[in-house]
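Participant:
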């Protein structure tokens with residue numbers, strides 16, 4: 017009986033070992049089948065980056081274009097108003113200034129800074145002469161004069177069939193608000209103001225307001241601010257020139273103007289301007305080499 021029990025135990029042990037071997041072989045086959053069906057690639061593809069792809073395309077286009085053609089394309093984008101309409105360009109009334117400006121004149125809805133090298137250098141005289149020429153008949157010129165330095169009788173004879181409104185804000189906050197509101201008003205043709213230090217955010221707000229309404233902003237500033245950033249489409253330095261005779265001293269004003277910055281320009285451009293003081297018109301212009 018003992019021998020029969022030992023034989024049965026041995027048979028059970030062999031059966032268990034056989035079952036384990038079969039299970040192990042089956043597990044190996046199942047694992048092999050799963051690996052074949054999975055088909056894991058050798059390398060994992062990186063996700064597509066649209067920004068990187070667009071940047072590479074832009075670099076390719078930029079390389080294929082010359083620097084001049086690329087700058088012209090940038091100028092067209094920057095000079096086009098936000099609404100997509102064509103920019104209306106009007107003459108400044110001075111041939112040499114029109115030739116200096118990138119678009120051949122003053123663009124409606126733009127800001128132009130006139131930098132005076134010293135007090136009484138003629139920058140204000142030139143600005144009002146330009147304001148008269150870019151303002152249509154029955155148009156309105158709005159003057160923001162915080163310092164009460166403007167003398168209207170000096171330029172009123174020039175403003176034939178044009179209206180002039182003068183505002184005297186009492187502080188810097190009211191001045192900035194007055195300029196902002198004036199540039200938003202479609203009933204105004206030109207805004208003239210004397211500016212000191214202006215925060216770029218305020219200038220940007222004025223820039224957007226002018227582009228939306230089509231009002232031209234002519235700002236008179238000190239030449240000391242020419243190193244500061246600006247949203248003006250053009251920055252023109254105004255310097256006085258000596259008169260050539262006593263006759264000129266009484267009836268003419270001779271100035272040198274230099275375009276310091278503007279869209280599409282690679283170097284400063286200079287010209288000489290002579291203003292006929294009785295009517296505020298161009299008397300003579302002589303171009304000066306760069």
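In my numbering, the protein residues as written are 17 to 306.
In this text, a Cβ means the ideal position worked out from N, Cα and C, and glycines have one as well.
Given a cut-off of 9 Å on the beta-carbon distance, is the pair residue 145 and residue 109 in contact?
Facilitator: Closer than 9 Å, so yes.
Participant: What does DSSP give as the partner residue(s) for residue 292 in the beta ladder?
Facilitator: 268, 297
Participant: Considering just the uninterrupted stretch of the alpha helix (DSSP H) at residue 216, what are its terminal residues?
Facilitator: 216 to 229
Participant: Can you list, in chain order, the residues of its chain with a C-beta nearer than 8 Å to that of residue 299? Leave out the 5 residues immediately preceding and following it.
Facilitator: Exclusion of the five residues before and after residue 299 leaves 268, 290, 291, 292 as the residues of its chain whose Cβ lies within less than 8 Å of its Cβ.
Participant: Residue 179 lies in the beta strand (DSSP E); which residues open and close that run?
Facilitator: 179 to 183
Participant: Thinking C-alpha only, which one of 152, 179, 226, 211 is nearest residue 201?
Facilitator: 226
Participant: Who pairs with residue 132 in a beta bridge, going by DSSP?
Facilitator: 238, 254
Participant: My assumption, with CB atoms under 8 Å, is that residue 158 sits in contact with residue 105. Please give the rounded CB distance.
Facilitator: Rounded, the Cβ-Cβ distance is 21 Å, inconsistent with contact.
Participant: Measuring straight from C-alpha to C-alpha, what distance separates residue 248 and residue 166?
Facilitator: 23 Å
Participant: Among 288, 296, 275, which residue has its Cα nearest to the Cα of residue 118?
Facilitator: 275
Participant: Skipping 5 residues on each side, what residues in its chain have a beta carbon closer than 7 Å to that of residue 138?
Facilitator: 254, 256, 269, 271
Participant: Could you check whether residue 209 and residue 234 sit closer than 9 Å to each other, using their CB atoms as the reference points?
Facilitator: yes
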